[in-house]
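Asks:
In the numbering used here, the protein residues as written are 992 to 1428.
1. Among 1351, 1373, 1297, which residue has its Cα nearest to the Cα of residue 1091?
2. Using the Cβ count rule (16 or more neighbours within 10 Å means buried), how would you classify residue 1403?
3. So which of 1128, 1345, 1302, 1112 has the shortest CA-CA distance to residue 1325?
4. In this structure, does DSSP put residue 1305 in helix, strand or coil?
5. With three or more beta-carbon pairs closer than 8 Å as the criterion, would you say the region 1193-1209 touches the region 1125-1132?
6. Decide yes or no for the touch test of the region 1106-1114 against the region 1055-1071: beta carbon pairs closer than 8 Å, at least 3 of them.
7. Residues in its own chain within less than 6 Å of residue 1187 by CB, not counting five upstream and five downstream?
8. Return the CA-CA distance between residue 1121 and residue 1141, expressed in angstroms with no decimal places.
9. Measuring only the C-alpha atoms, how far is residue 1388 from residue 1381?
10. To the nearest angstrom, how far is it from the Cα of residue 1085 to the Cα of residue 1102?
11. Here's the rule I'm using: 16 or more other beta-carbon atoms within 10 Å means buried, otherwise exposed. How should residue 1345 be labelled?
12. Can you tell me whether DSSP reads residue 1084 as helix, strand or coil?
13. Pick from 1335, 1058, 1396: whose alpha carbon is nearest that of residue 1191?
14. Could you tell me how far apart the beta carbons of residue 1361 and residue 1321 are, in whole angstroms, since I believe they sit closer than 8 Å?
15. Taking residue 1398 as the reference, which of 1153, 1379, 1329 has the closest Cα?
16. Relative to the C-alpha of residue 1124, which candidate in 1071, 1169, 1159, 1095 has its C-alpha closest?
17. Use the C-beta contact count for residue 1400: other C-beta atoms within 10 angstroms, 16 or more gives buried, fewer gives exposed.
18. Which class does residue 1089 belong to by DSSP, given the choice of helix, strand or coil?
19. Report the partner residues of residue 1171 according to the DSSP bridge assignment.
20. Within a Cβ cutoff of 8 Å, which residues of the same chain sit near residue 1058, ignoring the five residues on either side of it in sequence?
21. Pick from 1318, 1161, 1096: whose alpha carbon is nearest that of residue 1197?
22. Where does residue 1074 sit, in a helix, a strand or coil, going by DSSP?
23. Could you tell me how far apart the beta carbons of residue 1386 and residue 1297 are, in whole angstroms, since I believe they sit closer than 8 Å?
24. Can you grab the Cα-Cα spacing for the pair residue 1181 / residue 1156, in whole Å?
25. Measuring CB to CB, does residue 1116 end up less than 7 Å from residue 1333?
26. Determine the direct distance from the alpha carbon of residue 1357 to that of residue 1168, and round the result to whole angstroms.
27. Does the Cβ of residue 1175 have 16 or more other Cβ atoms within 10 Å, making it buried, or fewer, making it exposed?
28. Return the chain-ordered list of same chain residues with a C-beta closer than 8 Å to the C-beta of residue 1024, the five sequence neighbours on each side being excluded.
29. Report the residue from 1383, 1135, 1052, 1164 whose alpha carbon sits nearest the alpha carbon of residue 1149.
30. Could you check how far apart the C-beta atoms of residue 1076 and residue 1329 are, in whole angstroms? I think they sit under 8 Å.
31. In chain order, what residues of the same chain lie with their CB nearer than 8 Å to the CB of residue 1349, ignoring the 5 residues before and after it?
32. Go ahead and label residue 1079 buried or exposed: buried means 16 or more other beta carbons lie within 10 angstroms of its beta carbon, across all protein chains shown.
33. How many Å lie between residue 1062 and residue 1145 at the Cα?
34. Assuming contact is defined by CB atoms lying nearer than 7 Å, are residue 1354 and residue 1083 in contact in what I supplied?
35. From residue 1112 to residue 1119, what does the alpha carbon distance come to, in whole angstroms?
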């Protein structure tokens, strides 16, 4: 019997471990847990079998959400404004070691972020991820870990098209079996260890998809759509549609000829043309004018509601705020949307690769210009604190002065600190002499 060299045994063991890892889900519902004792999964087992293609929200499917993003200007504008800010925040993500507190400059996860794949850089990937997450309420990122030498690492990741995602359920013992991308010639099952999902909470506990803000704002989006269609039709017709009829009690037209005259008046080929009639006529408008319907007001209210659904200041959409209000609105965009979304992706990325117990990956908010304090305000506050010259120079980005006096507080002549040898100007000379005796 021949002996197997140790290095070959180690290689075989490593390959065995890699194959065993394929049987485990590194994210989501773990197969190595005892599902038979999970009474919650058992109670909804009939709903956790088969495929889930779209959300069950009044027939609004994921393809419809894509159409809303592409066809509704306000929705497109709001989502893209947030997404661009999220893309900026992706470039400010920093990796920190939990145990030491040190920031890590070199790690494969940082290389993955800097260049997710051949087509996308960090910022562009962040924008695309945010557009997907904000449109569908979830974003599926394909990031398969390596096998072999660099086992568990990853050097490329891709966004999966949200409207082509089909979730395959496996029953209550393994609720999330995997996903597949529809529309191609062959649907390959992508296992949970190869992707991770970022999502907004969904009240429907039988759905693995997130909840899209567009669904919550569906009524207002309908108002925007119908209002714009009505405005477009009015512009094409030069106003509300009208019907022309002979004037009442007009003896110039016999009753038997009235229908023929009305038909001649209202022929399609006569629309927009000028005609001379030998008899008096009446014009009857069909419907109301846009002003009477309040379309513009309804449109503004709908846009305001859409901004509220995405938690962004409406001033960012209309751009009518003063400078200070606009600045605060931009700060709110980053604080309420961009930073939390970027941190959400970063947390999901670390958890997917099992690094969340060792590292944190968060946005360095000190690098975001709009969140920085105004230079004039900083200097004013330092002056009120009687800061030293070197403190003022540091706040302005200058090197400190070497002289000792540059580190002393700059006090006006009228200000002094208490201590021995300090004379109270309100104390009389007699009191001073008595105190000395």
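Cβ coordinates follow ideal geometry from the N, Cα and C atoms, glycine included.
Replies: Quick answer:
1. What you label residue 1091 is simply residue 100 of the chain shown in a count that begins at 1. Checked all of 1351, 1373, 1297; the closest Cα to residue 1091 is 1351.
2. The residue you call residue 1403 lines up with position 412 of the chain shown. Flag for residue 1403 reads exposed.
3. Here residue 1325 refers to the residue found at position 334 of the chain shown. Residue 1302 is the option with its Cα nearest to residue 1325.
4. The count along the chain shown starts at 1 and reaches residue 1305 at position 314. For residue 1305, the three-state secondary structure derived from DSSP is coil.
5. Judged by Cβ distances under 8 Å, the region 1193-1209 makes contact with the region 1125-1132, as three or more pairs qualify.
6. Contact between the region 1106-1114 and the region 1055-1071 is absent, because fewer than three Cβ pairs lie under 8 Å.
7. In the chain shown, residue 1187 corresponds to position 196, counting from 1. Counting only Cβ-Cβ distances below 6 Å, and skipping sequence neighbours, we find 1018, 1132, 1339, 1343.
8. Translated into the one-based positions of the chain shown, residue 1121 becomes position 130. Translated into the one-based positions of the chain shown, residue 1141 becomes position 150. Cα to Cα, residue 1121 sits roughly 29 Å from residue 1141.
9. Walking along the chain shown from the start, residue 1388 turns up at place 397. Walking along the chain shown from the start, residue 1381 turns up at place 390. It is roughly 10 Å from the alpha-carbon of residue 1388 to the alpha-carbon of residue 1381.
10. Taking the chain shown and counting its residues from 1, the one referred to as residue 1085 is at position 94. Taking the chain shown and counting its residues from 1, the one referred to as residue 1102 is at position 111. Looking at the two C-alpha atoms, the distance is approximately 12 Å.
11. For the purposes of this step, residue 1345 is taken as the residue at position 354 of the chain shown. Flag for residue 1345 reads exposed.
12. Here the question's residue 1084 lines up with position 93 in the chain shown. Residue 1084: strand per DSSP, three-state reduction.
13. Here residue 1191 is taken as the residue at index 200 of the chain shown, counted from 1. Minimum Cα distance to residue 1191 is reached at 1335.
14. Locating residue 1361 in the chain shown gives position 370, counting from the first residue. Locating residue 1321 in the chain shown gives position 330, counting from the first residue. Rounded, the Cβ-Cβ distance is 5 Å, consistent with contact.
15. Counting from one through the chain shown, the residue named residue 1398 turns up at place 407. Out of 1153, 1379, 1329, 1379 has the C-alpha closest to the C-alpha of residue 1398.
16. As a working note, residue 1124 is residue 133 in the chain shown. Nearest in C-alpha terms to residue 1124, of all of 1071, 1169, 1159, 1095, is 1071.
17. Reading the chain shown from its first residue, position 409 is the one you call residue 1400. Only exposed fits residue 1400, as fewer than 16 other CB atoms lie within 10 angstroms of its CB.
18. As a working mapping, residue 1089 is identified with position 98 in the chain shown. Three-state result, residue 1089: coil.
19. Stepping through the chain shown from its first residue, residue 1171 is reached at position 180. Beta-bridge pairing links residue 1171 to 1157.
20. As a position in the chain shown, residue 1058 is number 67, starting the count at 1. Cβ within range, chain order: n/a, list empty.
21. In the chain shown, residue 1197 corresponds to position 206, counting from 1. Of 1318, 1161, 1096, the residue nearest in Cα terms is 1161.
22. Position 83 of the chain shown, counted from the start, is the residue given in the question as residue 1074. Here residue 1074 sits in helix by DSSP.
23. Indexing the chain shown from 1 puts residue 1386 at position 395. Indexing the chain shown from 1 puts residue 1297 at position 306. That belief does not hold up - the Cβ atoms of residue 1386 and residue 1297 are roughly 41 Å apart, past 8 Å.
24. Locating residue 1181 in the chain shown gives position 190, counting from the first residue. Locating residue 1156 in the chain shown gives position 165, counting from the first residue. Computed Cα separation, rounded: 11 Å.
25. For this step, residue 1116 is matched to residue 125 along the chain shown. For this step, residue 1333 is matched to residue 342 along the chain shown. Between residue 1116 and residue 1333, the CB-CB gap reaches or exceeds 7 Å.
26. For the purposes of this step, residue 1168 is taken as residue 177 along the chain shown, with counting starting at 1. For the purposes of this step, residue 1357 is taken as residue 366 along the chain shown, with counting starting at 1. Residue 1168 and residue 1357 have their C-alpha atoms roughly 41 Å apart.
27. Position 184 of the chain shown, counted from the first residue, corresponds to residue 1175. Taking a 10 Å sphere around the C-beta of residue 1175, we find fewer than 16 other C-beta atoms and assign the residue as exposed.
28. As a position in the chain shown, residue 1024 is number 33, starting the count at 1. Residue placement at residue 1024 is poorly supported in this model, since its pLDDT is 48, which falls under 50; the coordinates still yield a value, given next. No residues qualify anywhere along the chain.
29. Residue numbering aside, residue 1149 sits at position 158 when the chain shown is read from its first letter. Just measuring C-alpha positions, the residue of 1383, 1135, 1052, 1164 sitting nearest residue 1149 is 1135.
30. As a position in the chain shown, residue 1076 is number 85, starting the count at 1. As a position in the chain shown, residue 1329 is number 338, starting the count at 1. Sure, about 4 Å apart at Cβ, within 8 Å.
31. On the chain shown, position 358 is the one that residue 1349 refers to. Excluding the 5 residues flanking it on each side, residue 1349 has same chain C-beta neighbours closer than 8 Å at 1088, 1089, 1090, in chain order.
32. Within the chain shown, the letter at position 88 stands for residue 1079. Around the beta carbon of residue 1079, a 10 Å sphere encloses 16 or more other beta carbons of the protein chains shown; the residue is thus reported as buried.
33. Position 71 of the chain shown, counted from the first residue, corresponds to residue 1062. Position 154 of the chain shown, counted from the first residue, corresponds to residue 1145. Whole-angstrom Cα-Cα distance: 36 Å.
34. Walking along the chain shown from the start, residue 1354 turns up at place 363. Walking along the chain shown from the start, residue 1083 turns up at place 92. Yes. Within cutoff.
35. Within the chain shown, residue 1112 is the residue found at index 121, counting from 1. Within the chain shown, residue 1119 is the residue found at index 128, counting from 1. Taking the straight line from one Cα to the other gives about 11 Å.
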